[in-house]
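Chains as they are written, first to last, in numbering that gives the first Met the number 0: chain A, 0 to 376; chain B, 0 to 179; chain C, 0 to 194. Worksheet for the structure shown next.
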Amino acid sequence: MLDLLTRLQPHRPLDGDEDAYVERAEEGGNAIAAWVRAGRSSLLVLGPAGIGKSTELARAARDLQPDRFTCLIPLDRFENVRLVTPERALLRIAALLVQVAGQGLPGFSPSRDLSTAIHGPEPGVYSFPPPPVWDADTALRVACREVAGASKQGRVCLLVDGLEKAPESTFWNVADALGHIAPEVDLIVVIPWYVAYGQRTGEVLRPDEKLFAIHPVVVTGELGVPGRRFLQRLLGRHFAAAGGIAGLLETILDKPSPDPGVVELRGVFNRAIDMSGGIPRTYLQLIVDATMRAKFRSHDQPRTDDLDDAVADQRDSFRRLLSAGDEVALRDADGTDGRDLEWQQKIRLLNHGMLIESQEAGKPVLHIHPIIRDLLE
Amino acid sequence: MRDPSLNVVIALGEYQGGVAVAYYADPIRRDWLLGEIESHAPSADQPALRTSSVDEAIAYPDRLVFVVPRDEAATVEELDALRDRLLMPPRRLPVVLFLLRDGPGERALARCPGLASIVRGRDPDWDLLARADVDLERARFERETGLSPQAWLRKWKNGEFPETPELIVRSYRATALEGE
Amino acid sequence: MKEWVSLHQQHRALYDAAGNGWSGDVRKRLVRLADRGHCEASVRGRFTPRRFREFEAWRISPADGSSRGVRLLNVPDLESASLIVEALAQPRSERLLKFTCMVEGLRPDSTTWTVAIHLEAEGDDRKGNGACGHPSFHCHVGPDLDARPRVRVPLPDIGPMAALDWLIATLVPGWEPAPWPAVAREVDGGAPART
Numbered sequence: 000m001l002d003l004l005t006r007l008q009p010h011r012p013l014d015g016d017e018d019a020y021v022e023r024a025e026e027g028g029n030a031i032a033a034w035v036r037a038g039r040s041s042l043l044v045l046g047p048a049g050i051g052k053s054t055e056l057a058r059a060a061r062d063l064q065p066d067r068f069t070c071l072i073p074l075d076r077f078e079n080v081r082l083v084t085p086e087r088a089l090l091r092i093a094a095l096l097v098q099v100a101g102q103g104l105p106g107f108s109p110s111r112d113l114s115t116a117i118h119g120p121e122p123g124v125y126s127f128p129p130p131p132v133w134d135a136d137t138a139l140r141v142a143c144r145e146v147a148g149a150s151k152q153g154r155v156c157l158l159v160d161g162l163e164k165a166p167e168s169t170f171w172n173v174a175d176a177l178g179h180i181a182p183e184v185d186l187i188v189v190i191p192w193y194v195a196y197g198q199r200t201g202e203v204l205r206p207d208e209k210l211f212a213i214h215p216v217v218v219t220g221e222l223g224v225p226g227r228r229f230l231q232r233l234l235g236r237h238f239a240a241a242g243g244i245a246g247l248l249e250t251i252l253d254k255p256s257p258d259p260g261v262v263e264l265r266g267v268f269n270r271a272i273d274m275s276g277g278i279p280r281t282y283l284q285l286i287v288d289a290t291m292r293a294k295f296r297s298h299d300q301p302r303t304d305d306l307d308d309a310v311a312d313q314r315d316s317f318r319r320l321l322s323a324g325d326e327v328a329l330r331d332a333d334g335t336d337g338r339d340l341e342w343q344q345k346i347r348l349l350n351h352g353m354l355i356e357s358q359e360a361g362k363p364v365l366h367i368h369p370i371i372r373d374l375l376e
Numbered sequence: 000m001r002d003p004s005l006n007v008v009i010a011l012g013e014y015q016g017g018v019a020v021a022y023y024a025d026p027i028r029r030d031w032l033l034g035e036i037e038s039h040a041p042s043a044d045q046p047a048l049r050t051s052s053v054d055e056a057i058a059y060p061d062r063l064v065f066v067v068p069r070d071e072a073a074t075v076e077e078l079d080a081l082r083d084r085l086l087m088p089p090r091r092l093p094v095v096l097f098l099l100r101d102g103p104g105e106r107a108l109a110r111c112p113g114l115a116s117i118v119r120g121r122d123p124d125w126d127l128l129a130r131a132d133v134d135l136e137r138a139r140f141e142r143e144t145g146l147s148p149q150a151w152l153r154k155w156k157n158g159e160f161p162e163t164p165e166l167i168v169r170s171y172r173a174t175a176l177e178g179e
Numbered sequence: 000m001k002e003w004v005s006l007h008q009q010h011r012a013l014y015d016a017a018g019n020g021w022s023g024d025v026r027k028r029l030v031r032l033a034d035r036g037h038c039e040a041s042v043r044g045r046f047t048p049r050r051f052r053e054f055e056a057w058r059i060s061p062a063d064g065s066s067r068g069v070r071l072l073n074v075p076d077l078e079s080a081s082l083i084v085e086a087l088a089q090p091r092s093e094r095l096l097k098f099t100c101m102v103e104g105l106r107p108d109s110t111t112w113t114v115a116i117h118l119e120a121e122g123d124d125r126k127g128n129g130a131c132g133h134p135s136f137h138c139h140v141g142p143d144l145d146a147r148p149r150v151r152v153p154l155p156d157i158g159p160m161a162a163l164d165w166l167i168a169t170l171v172p173g174w175e176p177a178p179w180p181a182v183a184r185e186v187d188g189g190a191p192a193r194t
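Dropping the structure here:
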C-alpha cells in the first residue's frame with residue numbers, strides 16, 4: 000500500500016467518467032451542466048488552486064455531451080498563456096475545436112476557408128474563390144458553426160481552462176471576443192479571481208452570465224460530514240488510479256476495526272483532512288508526502304509524525320508566500336465576509352487558499368486555512 | 000524530525016507535478032547544492048541537465064533538469080504558465096527550479112498560485128532544514144552523558160572512553176556542540 | 000622517522016583537499032550500492048547533516064531509530080552487516096574535519112567483524128604516541144574496535160572517498176573503482192596488466 004500511496008497524482012485532474020469521478024455535494028460538474036442545459040449562457044468558474052476546477056470541467060463536459068458537442072480546451076497545455084496574444088488564443092481554441100471534431104464526428108473536416116484561417120494558406124496552392132481574410136474572432140465563430148452543423152447535437156459548448164493565468168489585458172481581450180460569439184455557443188470559462196472581486200466585474204458579467212465558485216469542501220463539525228466523505232472517496236479513486244484495488248481504502252476507512260494499525264491509519268487520514276482545509280490537492284499532497292516519509296523511515300504505514308512533518312513542509316511553503324501585512328489581514332478577515340480587505344490582497348490570499356471562503360447561512364464567510372492558522376499561532 | 004536529504008528525495012519523488020523548487024542562501028551554496036541534489040538521483044540516470052531555459056526543461060521529460068534562471072521572476076511566471084506541459088506527458092524525473100531564498104523568484108511565486116500549489120511541500124531550503132536546535136541538542140547530550148560536550152570531549156581526548164562506534168559518533172556531536 | 004613525518008603531512012593535507020563535494024560523493028556511492036541491491040533503497044534520503052552554526056555533523060540516519068547506519072545486503076562473507084558513515088565538516092572553509100566509515104558485521108560462525116577507517120579530527124590528529132602507532136588516517140580490522148592488539152593500519156593519502164571505495168570493494172563483489180584494464184591503460188599505455 001505504501002508504494003501505491005506514494006504514486007498518487009494530486010496535481011492531475013481525474014477523468015470525468017463514472018469510475019474516476021467523485022461527485023461533490025454541491026458546486027460540482029453536474030451543477031455546471033445543469034446551468035448550461037437550462038438554456039443560460041456563459042458560466043464563469045473560479046476557485047482556489049487545487050480545488051478541482053479541471054476535474055469539474057471534465058465532468059460537466061461529459062454530462063453535457065448528449066445535448067451539446069462539448070470541447071474541453073486546456074489552453075495552458077498548448078500556449079504560454081502569459082505571453083499569448085488574444086488572437087492566437089482564439090485561433091488555438093478554434094484549432095482545438097476543429098481537431099476534436101475531426102476525431103469525434105465521423106466524416107467531419109473543416110472548410111478550406113476555415114483551415115486556411117486557422118493554419119494559414121497552403122504554400123504554392125492557388126485556389127478560387129480566394130481564402131477570405133478573417134480575424135481570429137471570425138475564425139472561431141465559423142469553427143463553432145461548422146462543428147455545430149456537423150454534430151447531431153447541433154450546438155457547441157466550449158469549456159476553456161487555463162485562461163485564468165493570463166495577464167489581465169489578455170484575459171479581458173479574449174473574454175470580450177468570446178463574449179461576441181457567446182449567443183451561438185455555450186461557454187464555460189475558468190476565470191481569475193479579479194474578475195469576481197475586481198474593479199471591472201460589471202464589464203464581464205452580463206445579465207445572462209453566472210459566476211460559479213467552487214469552494215473548499217466544509218470538513219469541520221456536523222456540516223463537514225459529507226465533505227470529509229467526499230475527500231475520503233476522492234483518495235480512494237486516486238488510489239485506484241495509481242493501481243490500487245478499487246474500494247480498498249474506503250473499506251479500511253469506513254469499517255470499524257479494533258486493529259491499532261487501522262485506528263492509527265484512520266487517524267492520520269482524518270487529521271490530513273483537518274489540515275487540508277477542504278482543498279482536495281492539499282489533502283492528497285499531505286497523504287503522499289506523509290507516506291513517502293513513512294517509506295524512508297521503514298514504517299509500514301504513514302504515522303502521525305510522518306504527517307506532522309508533511310504539514311510542517313507545507314507550513315514552510317505557505318510562510319514564503321506571505322507578504323508584509325498579510326498576517327494582520329488574515330487575522331482581521333477570519334470569520335468575516337472580507338469586505339474590509341484590500342481587493343488585491345484578498346484575491347491573492349483566496350487564490351493561494353490561505354483564506355478559505357465558504358457559505359454559511361447563504362452568506363460568504365472567510366476562514367484562515369488550518370496550516371496558516373498553525374503558522375500564525 | 001525533518002532533514003534536508005529526505006526532503007530532497009520527496010521533492011524529487013516519482014509522482015510529482017513535474018516540478019520542485021530548491022532554495023539556496025547564496026550562489027556559492029547553490030553551486031554546491033546542484034551536486035548535492037543530483038547525488039540523490041538513481042545511479043543509472045544521465046547527469047542532470049543544467050539549463051536556464053524552461054523550454055529546454057520541458058523538452059527532456061526523462062531527465063532530471065536543473066533550471067537555474069537568469070531572471071528568476073520571469074522564469075517562475077513562465078513555468079506557471081506552462082506547468083500543464085510538465086504534467087502531460089507525465090515526467091519521469093522532475094524539473095528542479097533553483098531560487099534564491101527571499102529573492103525575486105520567491106516573490107514571483109506569490110503571484111503564481113497554480114505553480115505555488117504544485118510545489119507546496121516540495122520546495123526544500125537545504126540549509127534551513129539542516130539547522131539544528133543547538134540548545135535542544137546540548138540538553139539532550141547532557142541528559143545522555145551527564146556531562147557537557149566540552150567536559151565529555153576532554154575525557155574522550157584523554158582516552159578515558161573506549162573507541163566504540165557509538166562513542167565515535169558521540170565525539171562528532173560533542174565537537175560540533177563544543178564549537179558553539 | 001622521515002617517512003612518518005611525510006605521511007603525517009600528507010594526511011593533514013586531506014582536510015583541505017576534500018572541499019564540500021565529498022558529501023555528494025558519499026551519497027552517490029550509497030545510491031549505487033542500493034541500486035545494485037546491496038543496501039536498502041531508503042539510503043538515498045538518509046545521508047544527511049545537522050548544522051551547528053559553522054559545523055555540519057553528517058551521518059546515515061537510522062531508518063527505524065533502532066539500528067545504526069544502513070544494513071548491507073547480499074554481502075557474501077557476512078551473515079549481517081551495517082555500514083556507518085559519519086563526518087564533521089566546516090562548509091564555510093570547505094574543510095572536512097573528521098571522517099569515519101565502518102562496517103560492523105557478523106560472520107557465519109557468529110563472531111563479530113569490524114573494519115573502520117578514521118580520519119582523525121583536525122587539530123586533534125596527534126593521538127597515541129606518534130605518527131607510526133596512531134597515524135591520522137588509518138584503518139582498523141578486527142573483531143571490534145577495542146579488541147587487543149589494537150591495529151591501526153596507516154592509510155596512504157588516498158582521501159576518504161577512495162578509502163570508502165576500498166572498504167566497499169572488500170565486501171561487495173564487483174565493486175572495483177580501478178579495474179586492472181583501466182589501470183593498465185593509465186600506467187602502461189594499453190599493455191595488458193599482470194594478474
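Note that beta-carbon positions come from the ideal geometry of N, C-alpha and C, so glycine has one too.
Checklist entry - Which residues, in chain order, does the segment 24-49 of chain C contribute to contact with chain B at a C-beta distance below 7 Å? => result 26, 27, 30, 31, 34, 43, 44, 45, 46, 47, 48, 49
Checklist entry - How about residue 113 (chain A) and residue 145 (chain A): do their beta carbons lie closer than 8 Å? => result yes
Next on the checklist: Here's the rule I'm using: 16 or more other beta-carbon atoms within 10 Å means buried, otherwise exposed. How should residue 62 (chain B) be labelled?
Outcome noted: buried
Checklist entry - Does residue 164 (chain C) get closer than 8 Å to chain B when you measure Cβ to Cβ? => result no
Checklist entry - Beta-carbon of residue 296 (chain A) versus every beta-carbon of chain C: anything under 8 Å? => result yes
Next on the checklist: Between which two residues does the alpha helix (DSSP H) holding residue 356 (chain A) run?
Outcome noted: Residue 356 (chain A) -> not in any alpha helix (DSSP H); beta strand (DSSP E) instead, spanning 354-359.
Item to check | Reference residue 77 (chain B), options B:158, B:151, B:56, B:167, closest by Cα | outcome: B:56
Next on the checklist: Just to confirm my understanding: we take residue 176 (chain C), look at its own chain, exclude 5 residues before and 5 after, and list those with CB closer than 6 Å. What are they?
Outcome noted: 164
Checklist entry - If we ignore side chains and look at the alpha-carbon of each, how far apart do residue 90 (chain C) and residue 100 (chain C) end up? => result 20 Å
Checklist entry - Given residue 216 (chain A), which residues of its chain have a CB within under 6 Å of its CB, disregarding the five upstream and five downstream residues? => result Excluding positions up to five away in sequence, the list reads 226, 229, 277.
Item to check | Sequence-distant residues of the same chain with beta carbon closer than 8 Å to residue 113 (chain B), five excluded per side | outcome: 79, 82
Checklist entry - Who are the near neighbours of residue 138 (chain A) in its chain, counting only those whose CB is closer than 8 Å to its CB and skipping five residues on each side? => result 89, 90, 93, 113, 116, 117
Item to check | Short CB-CB distance (under 8 Å) between residue 62 (chain C) and chain A | outcome: Residue-level contact check: residue 62 (chain C) touches chain A, since one or more beta carbons of chain A fall below 8 Å from its beta carbon.
Item to check | Under the three-state DSSP convention, the category residue 48 (chain C) falls into | outcome: strand
Item to check | Distance between residue 339 (chain A) and residue 2 (chain B) (C-alpha atoms, nearest Å) | outcome: 41 Å
Next on the checklist: Within 8 Å of any Cβ in chain C, is that where the Cβ of residue 2 (chain B) sits?
Outcome noted: Output row for residue 2 (chain B): interface = yes.
Checklist entry - At what residues does the beta strand (DSSP E) containing residue 180 (chain B) begin and finish? => result No answer is possible for residue 180 (chain B): it lies beyond the span of chain B, which begins at 0 and ends at 179.
Next on the checklist: Short of 7 Å in beta carbon distance, which residues of its chain neighbour residue 100 (chain B), apart from the five on each side in sequence? Order them along the chain.
Outcome noted: Once the five neighbours on either side are set aside, the close Cβ partners of residue 100 (chain B) are 22, 23, 24, 124.
Checklist entry - Helix, strand or coil for residue 72 (chain C) per DSSP? => result coil
Next on the checklist: When you compare the segment 56-72 of chain A with the segment 168-175 of chain A, are there three or more beta-carbon pairs, one atom per stretch, that lie closer than 8 Å?
Outcome noted: no
Checklist entry - Cβ atoms of residue 50 (chain A) and residue 369 (chain A): under 8 Å apart, would you say? => result no
Checklist entry - With 16 as the cutoff for other CB atoms within 10 Å, does residue 69 (chain B) come out buried or exposed? => result exposed
Next on the checklist: I need the straight-line Cα distance from residue 9 (chain A) to residue 161 (chain B), nearest angstrom please.
Outcome noted: Roughly 52 Å between the two C-alpha positions.
Next on the checklist: If contact is defined by three or more beta carbon pairs under 8 Å, each pair taking one atom from either stretch, is the segment 105-120 of chain C in contact with the segment 139-152 of chain C?
Outcome noted: yes
Next on the checklist: Among the candidates C:134, C:118, C:83, whose CA atom is the shortest distance from the CA of residue 4 (chain C)?
Outcome noted: C:134
Checklist entry - Is the number of C-beta pairs between the segment 327-344 of chain A and the segment 25-38 of chain B that are closer than 8 Å three or more? => result no
Next on the checklist: If you reduce the DSSP assignment to three classes, tell me which class residue 77 (chain A) lands in.
Outcome noted: coil
Checklist entry - Thinking C-alpha only, which one of A:251, A:46, A:209 is nearest residue 355 (chain A)? => result A:46
Checklist entry - Any residues in the segment 74-106 of chain B with a beta carbon nearer than 7 Å to a beta carbon of chain A? Which ones, in chain order? => result 76, 77, 79, 80, 81, 83, 84, 86, 87, 105
Item to check | Neighbouring residues, chain A, relative to residue 115 (chain B) (Cβ below 8 Å) | outcome: Result: 48, 316, 320, 351.
Checklist entry - residue 81 (chain A) CB to nearest chain B CB: under 8 Å? => result Yes, its Cβ sits closer than 8 Å to a Cβ of chain B.
Item to check | Residues sharing a beta bridge with residue 156 (chain A), DSSP | outcome: A:69, A:185
Checklist entry - Is the segment 50-61 of chain C touching the segment 77-85 of chain C, taking contact as three or more C-beta pairs under 8 Å? => result yes
Checklist entry - Which residues, taken in chain order from the segment 23-36 of chain B, show a beta carbon closer than 7 Å to some beta carbon of chain C? => result Listed by position, the residues of the segment 23-36 of chain B near chain C (Cβ gap below 7 Å) are 31, 34, 35.
Next on the checklist: Counting only beta-carbon separations shorter than 8 Å, does residue 161 (chain B) have a partner in chain C?
Outcome noted: So yes, residue 161 (chain B) belongs to the interface.
Checklist entry - If you draw a straight line from the alpha carbon of residue 93 (chain B) to that of residue 182 (chain A), how long is it in whole angstroms? => result 43 Å
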